[in-house]
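Asks: A single structure is presented below for examination.
Numbering (our numbering), first residue to last: 782 to 1499.
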């Protein structure tokens, strides 16, 4: 009779020298772990699905209770794993499996874990809505998803935009309770990271991308500088269209039509102007053909199938979705839940993955659906091939890359024309440029903003745990100075009668979503798209690549997906490109637009930059336009004057923060302004060293607090 998991755990504790040390029993442990994990994790995921659909007090209590059960079970597994890893008779393959299990839980004391769960649940309130008045009213006036963001995007009046902005950023984000809870959240995460033998939360986040010869911060810094020339041209072009003040060199965040100033897509609604005779209003055409968000889900599934992905299980019921607003208590953040499963399909029972968002029939929501569907298609392959502890992507960024790459293929003008979403001739030069401009407004600013957020967040989670008294206004100033220095985006004029803490109204920060995912996934999605096109021997430039039917390399791609997290992400990318992770495919895709923007900006004599030139190394400056936006000289009696025709701005320069490492890159990361007070440590100008431990990636929370509720198994929520 095969011993049960409980028997094995008991004997491992009672007779460790006889059972735990024997490699045969390690194999038995892994087999039983896989079988039991499917049951334990699925129970908790069911409760998590309920709370995301209905954020009631009862469902919150249920998910905390189920979380406690799962955490206790996983802690027992991790305790047994430690002794198995120390035995020299355990094989390398077994050690890899055991380390994957070991790296999935924070060993916090029970009271700290319960506190972390409670605070994490409270942070999800940001997704429910906001209350415009500082009262204890039970019903909020606006829903953040999708109502408020949609109204903000469709607004044309700058005064109204500013009014929306001020109400959102003033609402419920500045009370002493909120600030205290966020501080505690950061410190509890820090304690949990230390319990896993990391120096801090940043090192734990970086470990998800650990690979020989690769450091996430180093690569992101280098890629940021490679993107900067294109971004500067786009920034100058858009700034000229948006800012009414002639001497303004930054763009006020509220003018971009995005509540969080991340994507500039909505700028196109009124400021397309690349070719004023064209109007690529894909959403209007989409609404003519599709009446509900569920119909858009079917469109996504059909397109994945068209290009060669086997999604038959999804078509036969192994996927459910909730994409309408639903009740007032639904969490509208786009989310997927991937239920773990047996590798043998015939043994599966009630294995139904889940996708949720609050969608309109709109092109931006369709793009989000492609990303979510990509996660589920990815999971469909590795669940057939891998045990539970390898049922994941090699890193969080790769999980989102598949859907983004497929969305790029879908959004090709020829494909859109074939599907009735575009009337204009798809191959005309004017339309190609217009389409690139619209795509660039979505992609490039989002990446630059992600880099700035990652940079600031790294310093926050490194320094806040060491701080006894937090100066929140200084941290807020640091947030805006970081955005200004790295992206040329400035804080809108404020009518607040209190000192606000704006960054806590950004869901990604308030819920401590891990760094790296958005920047990495977008960069790799263009590399993956290039692989799609090259394997089909597509002619023409990359942005013109039209994928018509089954991908030539579909077998190679699905083999990569099937390996899950068993293979390292670097070896996976090596199979695709042969020369590692690269930002060049993205730059190649937008190269025609980049050249056109240079011509347009030169013709209008627009200056480039936003007064942060002293931050850029000489080799970076050599790749930027020579027509620079000048900085207003200091008021120190100097006789130097700025050029009268050049926009001016006073900027406090920030020195570069260089990793304390012998292999630091020539391209240095840029550090944010950090509060300088006796209670709050300042950033060392040489930066904090972030050594990489030789441990496998740890999936602590692939989607912020929502994923944290998975306790030890955060990989299944994205």
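We treat Cβ as the ideally placed atom computed from N, Cα and C, and that holds for glycine.
Give the single residue among 1340, 1392, 1008 and 981 whose Cα lies nearest to the Cα of residue 1225.
Replies: Working through the chain shown from its first residue, we reach residue 1225 at position 444. For the residues 1340, 1392, 1008 and 981, the minimum Cα distance to residue 1225 belongs to 1008.
Asks: Expressed to the nearest angstrom, what Euclidean distance is found between the alpha-carbon atoms of residue 1167 and residue 1347?
Replies: Looking up residue 1167 in the chain shown gives position 386. Looking up residue 1347 in the chain shown gives position 566. Rounded to the nearest angstrom, the two C-alpha atoms are 8 Å apart.
Asks: Bridge partners of residue 1102, per DSSP?
Replies: Start at 1 with the first residue of the chain shown, and residue 1102 comes out as number 321. Its beta-bridge partners are 1136.
Asks: Going by Cα to Cα distance, which pick from 1390, 1064, 1362 and 1274 is closest to residue 951?
Replies: The residue given as residue 951 occupies position 170 in the chain shown. Taking only the C-alpha atoms, the option nearest residue 951 is 1274.
Asks: Helix, strand or coil for residue 976? Go by DSSP, reduced to three states.
Replies: Counting from one through the chain shown, the residue named residue 976 turns up at place 195. Correct three-state label for residue 976: helix.
Asks: Suppose the cutoff is 6 Å on Cβ atoms and the five residues either side in sequence are ignored; what does the same chain contact list for residue 815 look like?
Replies: Along the chain shown, read from residue 1 onward, the residue named residue 815 stands at position 34. The residues are 1168 and 1169.
Asks: Kindly indicate which three-state DSSP category residue 770 falls into: helix, strand or coil?
Replies: Absent from the structure is residue 770, since the part of the chain shown begins at 782 and ends at 1499.
Asks: Which complete alpha helix (DSSP H) runs does the stretch 797–882 hold, if anything under 4 residues is left out?
Replies: List check, alpha helix (DSSP H) in window: 797–800, 804–834 and 838–867.
Asks: Counting beta carbon pairs with one atom in the stretch 1281–1292 and one in the stretch 1148–1164, are three or more of them shorter than 8 Å?
Replies: They do not touch, by the three-pair rule.
Asks: If you follow the beta strand (DSSP E) that residue 1117 is part of, which residue opens it and which one closes it?
Replies: Translated into the one-based positions of the chain shown, residue 1117 becomes position 336. Residue 1117 -> beta strand (DSSP E) spans 1116–1118.
Asks: Taking the Cβ atom as the reference point for each residue, do residue 1512 and residue 1086 lie within a distance shorter than 9 Å?
Replies: The requested residue 1512 does not occur in the structure, where the chain is confined to residues 782 to 1499.
Asks: Can you tell me which of 1331, 1296, 996 and 899 puts its alpha carbon nearest to the alpha carbon of residue 1230?
Replies: In the chain shown, the residue the question calls residue 1230 occupies position 449. The shortest C-alpha separation from residue 1230 is found at 1296.
Asks: On the three-state DSSP scale, how would you describe residue 995?
Replies: Position 214 of the chain shown, counted from the first residue, corresponds to residue 995. Strand.
Asks: What's the C-alpha gap between residue 1196 and residue 1328?
Replies: Working through the chain shown from its first residue, we reach residue 1196 at position 415. Working through the chain shown from its first residue, we reach residue 1328 at position 547. Each residue's alpha carbon lies about 8 Å from the other.
Asks: Which one or two residues does DSSP pair with residue 1271 in a beta bridge?
Replies: Within the chain shown, residue 1271 is the residue found at index 490, counting from 1. Answer is 1033, bridged to residue 1271.
Asks: Three or more C-beta pairs under 8 Å: does that hold for the stretch 1008–1018 against the stretch 1372–1381?
Replies: At 8 Å Cβ cutoff, the stretches touch.
Asks: Quick one: give me the first and last residue of the alpha helix (DSSP H) that residue 1371 is part of.
Replies: Counted from its first residue, the chain shown places residue 1371 at position 590. Careful: residue 1371 lies outside any alpha helix (DSSP H) and carries neither H nor E.
Asks: Under 9 Å between the Cβ atoms of residue 875 and residue 811?
Replies: The residue labelled residue 875 in the question sits at position 94 within the chain shown. The residue labelled residue 811 in the question sits at position 30 within the chain shown. In contact: residue 875 and residue 811 (Cβ atoms closer than 9 Å).
Asks: Using the Cβ count rule (16 or more neighbours within 10 Å means buried), how would you classify residue 1211?
Replies: Against the chain shown, residue 1211 aligns to sequence position 430. Classification of residue 1211: exposed, given that the 10 Å Cβ count is below 16.
Asks: If you draw a straight line from the alpha carbon of residue 1071 to that of residue 969, how long is it in whole angstroms?
Replies: As a working mapping, residue 1071 is identified with position 290 in the chain shown. As a working mapping, residue 969 is identified with position 188 in the chain shown. Roughly 46 Å between the two C-alpha positions.
Asks: Is residue 1331 helix, strand or coil when you go by DSSP?
Replies: Here residue 1331 is taken as the residue at index 550 of the chain shown, counted from 1. Correct three-state label for residue 1331: coil.
Asks: Our contact map puts residue 1396 next to residue 1266 with C-beta atoms below 8 Å; I'd like the distance itself, whole angstroms only.
Replies: Counting from 1 along the chain shown, the entry for residue 1396 is found at position 615. Counting from 1 along the chain shown, the entry for residue 1266 is found at position 485. So it is a contact: roughly 6 Å between Cβ atoms.
Asks: Where DSSP assigns a beta bridge to residue 1409, which residues make up the other side?
Replies: By one-based count along the chain shown, residue 1409 stands at place 628. BP columns for residue 1409 point to 1389.
Asks: Short check: CB of residue 1161 to CB of residue 1039, under 9 Å?
Replies: Here residue 1161 corresponds to residue number 380 of the chain shown, with the count starting at 1. Here residue 1039 corresponds to residue number 258 of the chain shown, with the count starting at 1. Result no, Cβ atoms of residue 1161 and residue 1039 do not sit closer than 9 Å.
Asks: Nearest by alpha-carbon distance to residue 961: which of 1385, 1250 and 1042 is it?
Replies: In the chain shown, residue 961 corresponds to position 180, counting from 1. When only C-alpha atoms are compared, the closest one is 1250.
Asks: Could you pull out every residue in the same chain whose Cβ sits closer than 8 Å to the Cβ of residue 831, ignoring the five residues on either side in sequence?
Replies: Sequence index remark: in the chain shown, residue 831 carries index 50 (1-based). Cβ neighbours of residue 831 beyond the five flanking positions: 840, 843 and 844.
Asks: Would residue 847 and residue 828 qualify as a contact pair, given that the criterion is a beta-carbon distance under 9 Å?
Replies: Residue 847 sits at position 66 when you count from the first residue of the chain shown. Residue 828 sits at position 47 when you count from the first residue of the chain shown. Yes.
Asks: Note down, in chain order, each residue of its chain lying with its Cβ closer than 7 Å to the Cβ of residue 1367, except the 5 sequence neighbours on either side.
Replies: Your numbering for residue 1367 matches position 586 in the chain shown. These residues qualify, in order along the chain: 1304 and 1307.
Asks: Within its chain, find whatever has a CB closer than 6 Å to the CB of residue 979; leave out the 5 residues flanking it on each side and keep chain order.
Replies: To locate residue 979, count along the chain shown from 1; it is residue 198. The answer, listed in chain order, is 985.
Asks: Would you kindly work out how many angstroms separate the C-alpha atoms of residue 1356 and residue 1333, rounded to a whole number?
Replies: Residue 1356 sits at position 575 when you count from the first residue of the chain shown. Residue 1333 sits at position 552 when you count from the first residue of the chain shown. If I take the Cα positions, the gap works out to 15 Å.
Asks: Less than 9 Å between the beta carbons of residue 880 and residue 1177, yes or no?
Replies: In the chain shown, residue 880 corresponds to position 99, counting from 1. In the chain shown, residue 1177 corresponds to position 396, counting from 1. Against a cut-off of 9 Å, the Cβ pair of residue 1177 and residue 880 comes out as no contact.
Asks: Under 8 Å, with one C-beta from each stretch per pair, do the stretch 992–1008 and the stretch 1228–1242 reach the 3-pair mark?
Replies: Touching, yes, given that three or more Cβ pairs across the two stretches are closer than 8 Å.
Asks: Which of the three DSSP states, helix, strand or coil, is assigned to residue 1045?
Replies: Residue 1045 sits at position 264 when you count from the first residue of the chain shown. Here residue 1045 sits in coil by DSSP.
Asks: Mark residue 837 as exposed unless 16 or more other C-beta atoms lie within 10 angstroms of its C-beta, in which case mark it buried.
Replies: Counted from its first residue, the chain shown places residue 837 at position 56. Counting Cβ neighbours within 10 Å, residue 837 comes out exposed, since fewer than 16 surround it.
Asks: If we call anything under 9 Å between Cβ atoms a contact, is residue 1293 one with residue 1036?
Replies: Against the chain shown, residue 1293 aligns to sequence position 512. Against the chain shown, residue 1036 aligns to sequence position 255. No. Outside cutoff.
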